[in-house]
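Student: My questions all concern the structure below.
Number of protein chains: 2
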Amino acid sequence: MNKQTDLAYFTEENSAAVVNARIDKTKAHPRMAEVIDALTRHLHAFIKEVEPTHEEWLTGIKFLTETGHMCTEWRQEFILLSDILGVSMLVDAINNRRPSGATENTILGPFYVANRPMLPNGDNICKDMKGEPCLVTGTVRDTEGRLIPGAVVDVWQTNDDGFYDVQQKGVQPEENMRGAFTTDAEGRYWFRTVKPRFYPIPDDGPVGKLLGQLGRHPFRAAHIHAIVTAEGYDTVITHIFEPNCRYLREDTVFGVKESLVGHFEKVEDTLEAAEAGFDGAPFFWKVQADWVLARSHGGKAIVHHV
Amino acid sequence: MNKQTDLAYFTEENSAAVVNARIDKTKAHPRMAEVIDALTRHLHAFIKEVEPTHEEWLTGIKFLTETGHMCTEWRQEFILLSDILGVSMLVDAINNRRPSGATENTILGPFYVANRPMLPNGDNICKDMKGEPCLVTGTVRDTEGRLIPGAVVDVWQTNDDGFYDVQQKGVQPEENMRGAFTTDAEGRYWFRTVKPRFYPIPDDGPVGKLLGQLGRHPFRAAHIHAIVTAEGYDTVITHIFEPNCRYLREDTVFGVKESLVGHFEKVEDTLEAAEAGFDGAPFFWKVQADWVLARSHGGKAIVHHV
Ligand SMILES: [Cu+2]
Ligand SMILES: [Fe+3]
Ligand SMILES: [Fe+3]
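Heads up: the protein sequence lines correspond to chains X and W, in order. For what it's worth, full-length UniProt numbering labels the leading residue of the first sequence as 1, then goes sequentially. For what it's worth, full-length UniProt numbering labels the leading residue of the second sequence as 1, then goes sequentially.
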């Protein structure tokens with residue numbers, strides 16, 4: 001620690017240096033000291049760039065306060081803020097630099113439920129009969145192309161009204177639109193659902209208001225969430241995106257990656273539909289979603305739950 | 001707007017550019033767009049520098065959430081955070097670049113009460129009889145040295161236990177340690193109080209915990225707050241610092257400026273003490289605090305109140 005800076009009074013010029021000189025490295029949590037040192041530098045550079053008025057600063061304080069007050073057991077407005085500023089995707093990218101060929105990660109989102117039902121392959125996760133029928137089939141392989149039996153493919157999506165079951169407790173059937181499937185001896189899994197649709201992130205709070213002030217819409221490109229796990233492999237937290245969604249190139253949380261855009265084929269054949277498990281349906285969507293897992297290097301998957 | 005960037009998917013490399021390209025300048029609030037553009041760039045640069053793990057990111061989300069939940073009508077934890085990171089002082093410095101010779105600003109702090117009592121010169125703001133008696137006298141002048149009659153000097157400080165009255169409602173007498181005085185025809189004001197003492201900022205919340213993790217203490221250098229107002233002049237929001245305070249060079253919110261360190265003289269004379277209004281006191285402190293106001297250039301003083 002520089003004793004000179006340490007004892008200096010605060011001035012506009014040396015602001016960040018004076019603040020950081022106060023960290024007592026002999027007592028501080030080393031990583032926290034490192035993070036706050038960097039935060040202070042970038043925060044002061046930001047303030048110096050925009051030169052906020054006192055009222056603007058207070059607007060920022062009020063925004064953060066309202067965002068905090070919006071957070072409950074079922075609503076995490078700060079994660080939403082992190083999402084719409086691309087911070088969540090950036091943190092995900094930094095932590096999931098996989099070997100090429102392995103399936104890429106994307107945002108987890110706030111609606112994952114850890115206690116999802118384990119279902120047999122072929123089951124239909126759609127329990128409210130709304131939407132266009134959709135059959136998802138695929139394999140789980142390693143980066144050398146070897147099939148992985150016993151891998152778990154955990155999926156969830158909104159219903160056709162654009163809401164997750166946990167957003168509509170008492171309205172949607174229990175565990176609507178979620179379930180986990182296990183790959184068979186040939187590394188295959190399959191399940192029935194409905195074609196995903198775009199939906200807005202919860203935009204009735206401070207983050208929604210901010211989006212409005214930026215001329216941004218609150219919509220996520222249509223997707224099915226998936227977490228793919230297998231022993232000895234890196235967990236993949238990802239999406240299958242619907243290729244024709246109007247919001248594909250402007251997902252409000254920046255979750256779309258080229259490699260995650262799915263292949264959706266419309267099959268207009270009642271016989272094939274019945275064979276796929278959609279009796280009486282005039283058509284269904286056929287989606288192929290293959291996952292490639294990278295060997296784990298000791299790290300463990302993090303699936304937070306708010 | 002660059003259509004190329006606008007339609008690009010998010011990658012680690014182009015992260016901030018992709019996020020900012022989503023701002024629709026034809027619909028956005030222009031200043032909000034400017035501020036969020038800068039915030040996103042500095043925030044992404046910060047994330048790229050520290051490369052937080054997913055757990056560390058979640059620690060940050062939880063910290064912000066707890067900070068929000070700590071905020072009530074009487075406690076503003078985000079202002080406290082802004083204070084200990086030097087952001088409040090930086091915003092103040094940017095907005096109060098005064099002509100040399102004028103009294104400098106410092107932090108307002110969260111304990112200002114707008115409805116303070118107007119008192120006659122010489123009154124004692126200390127109503128709980130604790131602490132060492134102190135007589136503050138001074139003048140208000142303009143930058144040309146002309147005395148300003150009718151200026152208002154609004155002062156407040158903690159009691160000798162280190163708490164503001166609003167922190168101890170029902171414990172301290174009403175309006176203890178606060179009052180506003182008006183300069184007389186010669187631009188003079190004077191009042192009685194007690195010698196200020198250092199005190200901790202409220203440190204039982206997330207901000208206090210953060211200070212601990214940085215090896216920092218929660219103490220503010222001993223001070224008397226003052227807001228000096230006069231028609232046609234820039235309002236000065238400032239402090240008188242006690243020169244011998246052990247925390248003078250390490251005020252936890254960085255409020256100390258060389259020019260604001262007061263002159264405190266100990267007068268050990270019972271007669272002079274009685275004359276100053278401290279009957280029976282074996283000694284008292286004599287403080288001279290002169291203020292110099294700059295002509296206002298249209299802006300209006302901002303005294304927020306949480
Ligand atoms: Cu920066
Ligand atoms: Fe989703
Ligand atoms: Fe104070």
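The C-beta atom is built at its ideal place from N, Cα and C for all residues, glycine as well. These numbers were taken from a predicted model, which means no experiment stands behind them.
(1) Pick from X/D234, X/G170, X/R192: whose alpha carbon is nearest that of X/G179?
(2) Is it buried or exposed for X/H239, if we count other Cβ within 10 angstroms and need 16 for buried?
(3) Quick one: which residues of the stretch 213-239 of chain X get their C-beta closer than 7 Å to a C-beta of chain W? List them in chain order.
(4) Excluding the 5 residues flanking W/C245 on each side, which residues of the same chain have their C-beta closer than 6 Å to its C-beta?
(5) Closer than 7 Å is what we want: which residues have a beta carbon that near any heavy atom of ligand 1? List them in chain order.
(6) Please tell me whether, using a cut-off of 7 Å, the distance from the CB of W/F111 to the nearest non-hydrogen atom of ligand 4 is below it.
(7) Taking Cβ-Cβ distances shorter than 9 Å, what residues in chain W pair up with X/T103?
(8) Should X/G138 be flagged as near chain W, meaning a C-beta pair shorter than 8 Å?
(9) Do we get a CB-CB distance below 8 Å when we pair W/S15 with the residues of chain X?
(10) What in chain W is Cβ-close to X/N95, meaning under 7 Å?
(11) Please state whether DSSP places X/W57 in a helix, a strand or coil.
(12) Going by C-alpha distance, which of X/T53, X/V50, X/H42, X/E56 is nearest W/V50?
(13) List the endpoints of the continuous alpha helix (DSSP H) containing X/Q213.
(14) For W/G280 and W/A273, what's the separation of their Cα atoms in angstroms?
(15) For X/Q4 and X/H297, what's the separation of their Cα atoms in angstroms?
(16) Suppose you measure from the CA of residue 307 of chain W to the CA of X/L80; what does that come to, to the nearest Å?
(17) Please confirm whether X/D184 and X/P218 have their CB atoms less than 8 Å apart.
(18) Within this structure, are the beta carbons of W/A226 and W/A102 separated by less than 8 Å?
(19) Compile a chain-ordered list of the residues in the stretch 22-37 of chain W whose CB is closer than 8 Å to at least one CB of chain X.
(20) Could you say if the stretch 131-148 of chain W and the stretch 194-209 of chain W meet the contact criterion of at least three C-beta pairs nearer than 8 Å?
(21) Does W/E55 pass the burial test, meaning 16 or more other C-beta atoms within 10 Å, or should it be called exposed?
(22) Determine which residues share a DSSP beta bridge with W/G179 and list them.
(23) What residues are listed by DSSP as bridge partners for X/Y233?
(24) Using a threshold of 8 Å, state whether the C-beta atoms of W/C71 and X/G68 are closer than that.
(25) Counting only beta-carbon atoms, is W/E175 nearer than 8 Å to chain X?
(26) Residues of the stretch 187-213 of chain W with a CB closer than 8 Å to any CB of chain X: list them in chain order, please.
(27) Measuring alpha carbon to alpha carbon, tell me which of W/T40, W/Q172, W/E174, W/M89 ends up nearest X/E12.
(28) Rounded to a whole number of angstroms, what is the C-alpha to C-alpha distance between X/D234 and X/S82?
(29) Which residues bound the beta strand (DSSP E) around X/E265?
(30) Looking only at C-alpha atoms, which of X/A230, X/Q213, X/V113, X/I107 sits nearest to X/R141?
(31) Which of helix, strand or coil does DSSP assign to X/R116?
(32) Using C-beta distances below 6 Å, list every residue in its chain close to W/G60, excluding the 5 sequence neighbours before and after it, in chain order.
(33) Distance check for X/R22 and X/N2, CA to CA, integer angstroms please.
(34) Are the C-beta atoms of W/Y112 and some chain X residue less than 8 Å apart?
(35) Using DSSP with H/G/I as helix, E/B as strand and the rest coil, what is X/L271?
(36) Between X/F241 and chain W, is there a C-beta pair that is closer than 8 Å?
Tutor: Looking at the atomic coordinates:
(1) Numbered from 1 along the first sequence, position 179 holds the residue referred to as residue 179 of chain X. Cα-wise, what sits closest to X/G179 is X/R192.
(2) As a first step, residue 239 of chain X must be located in the first sequence, where it is residue number 239. Buried, by the Cβ-count rule.
(3) If you check each beta-carbon in the stretch 213-239 of chain X against every beta-carbon of chain W, the ones closer than 7 Å belong to Q213, L214, G215, R216.
(4) As a working note, residue 245 of chain W is residue 245 in the second sequence. Taking W/C245 as the centre and dropping the five residues before and after it, the same chain places the C-beta of F198, A221, A222 closer than 6 Å to its C-beta, in chain order.
(5) Residues flagged by the Cβ proximity filter: X/R41, X/H42, X/A45, X/F46, W/R41, W/H42, W/A45, W/F46.
(6) Among the ligands present in this structure, namely ligand 1, ligand 2 and ligand 3, ligand 4 is not found.
(7) Counted from its first residue, the first sequence places residue 103 of chain X at position 103. None at all; the shortest Cβ gap to chain W is about 16 Å.
(8) The count along the first sequence starts at 1 and reaches residue 138 of chain X at position 138. X/G138 does not count as touching chain W.
(9) Indexing the second sequence from 1 puts residue 15 of chain W at position 15. So yes, W/S15 belongs to the interface.
(10) In the first sequence, counting from the first residue as 1, residue 95 of chain X sits at position 95. Those within 7 Å of X/N95 in chain W are T53, H54.
(11) As a first step, residue 57 of chain X must be located in the first sequence, where it is residue number 57. Under the three-state reduction of DSSP, X/W57 is assigned to helix.
(12) Taking the second sequence and counting its residues from 1, one reaches residue 50 of chain W at position 50. Closest by alpha carbon: X/H42.
(13) Translated into the one-based positions of the first sequence, residue 213 of chain X becomes position 213. Note, X/Q213: alpha helix (DSSP H), 206-213.
(14) Your numbering for residue 280 of chain W matches position 280 in the second sequence. Your numbering for residue 273 of chain W matches position 273 in the second sequence. Rounded to the nearest whole angstrom, the C-alpha separation of W/G280 and W/A273 is 8 Å.
(15) The count along the first sequence starts at 1 and reaches residue 4 of chain X at position 4. The count along the first sequence starts at 1 and reaches residue 297 of chain X at position 297. Residue placement at X/Q4 is flagged as unreliable, the pLDDT there being 48, under the threshold of 50; the coordinate-derived value follows with that caveat. Cα to Cα, the separation comes out at about 45 Å.
(16) Past the edges of chain W, shown from 1 to 306, lies residue 307 of chain W, and the structure says nothing about it.
(17) Within the first sequence, numbered from 1, the residue matching residue 184 of chain X stands at position 184. Within the first sequence, numbered from 1, the residue matching residue 218 of chain X stands at position 218. The answer is no: Cβ separation not under 8 Å.
(18) Working through the second sequence from its first residue, we reach residue 226 of chain W at position 226. Working through the second sequence from its first residue, we reach residue 102 of chain W at position 102. Result no, Cβ atoms of W/A226 and W/A102 do not sit closer than 8 Å.
(19) Residues are counted here when their Cβ sits less than 8 Å from a Cβ of chain X; for the stretch 22-37 of chain W these are R22, I23, D24, K25, T26, K27, A28, H29, R31, M32, A33, E34, V35, I36, given in chain order.
(20) Yes, they touch.
(21) Here the question's residue 55 of chain W lines up with position 55 in the second sequence. By the C-beta density criterion, W/E55 is exposed, having fewer than 16 other C-beta atoms within 10 angstroms.
(22) Reading the second sequence from its first residue, position 179 is the one you call residue 179 of chain W. Paired residues: W/V155.
(23) Position 233 of the first sequence, counted from the start, is the residue given in the question as residue 233 of chain X. Residue pairing by DSSP places X/Y233 opposite X/R295 in a beta bridge.
(24) Residue mapping note: residue 71 of chain W aligns to position 71 of the second sequence, counting from 1. Residue mapping note: residue 68 of chain X aligns to position 68 of the first sequence, counting from 1. Closer than 8 Å, so yes.
(25) As a working note, residue 175 of chain W is residue 175 in the second sequence. By the rule that beta-carbons nearer than 8 Å mark a contact, W/E175 does not touch chain X.
(26) Cβ contacts with chain X: L210, Q213.
(27) Here residue 12 of chain X refers to the residue found at position 12 of the first sequence. That would be W/M89, whose Cα lies nearest to the Cα of X/E12.
(28) As a working note, residue 234 of chain X is residue 234 in the first sequence. As a working note, residue 82 of chain X is residue 82 in the first sequence. Distance between the alpha carbons of X/D234 and X/S82: 24 Å.
(29) Your numbering for residue 265 of chain X matches position 265 in the first sequence. In the DSSP annotation of this structure, the continuous segment of the beta strand (DSSP E) that includes X/E265 starts and ends at 263-267.
(30) As a working mapping, residue 141 of chain X is identified with position 141 in the first sequence. For the options X/A230, X/Q213, X/V113, X/I107, the alpha carbon positioned closest to that of X/R141 is the one of X/A230.
(31) As a working note, residue 116 of chain X is residue 116 in the first sequence. Assignment of X/R116 by DSSP, reduced to helix, strand and coil, places it in the coil class.
(32) Reading the second sequence from its first residue, position 60 is the one you call residue 60 of chain W. Answer for W/G60: no residue qualifies.
(33) Here residue 2 of chain X corresponds to residue number 2 of the first sequence, with the count starting at 1. Here residue 22 of chain X corresponds to residue number 22 of the first sequence, with the count starting at 1. For X/N2, the predicted model reports a pLDDT of 42, less than 50, meaning its position is unreliable; a value from the coordinates is still stated below. Near 10 Å, if we compare the C-alpha coordinates of X/R22 and X/N2.
(34) Position 112 of the second sequence, counting from 1, holds the residue named residue 112 of chain W. For W/Y112, the answer is no, since every Cβ of chain X falls outside 8 Å of its Cβ.
(35) Walking along the first sequence from the start, residue 271 of chain X turns up at place 271. Note: X/L271 maps to helix in three-state DSSP.
(36) The residue you call residue 241 of chain X lines up with position 241 of the first sequence. False, the Cβ-Cβ gap to chain W never drops below 8 Å.
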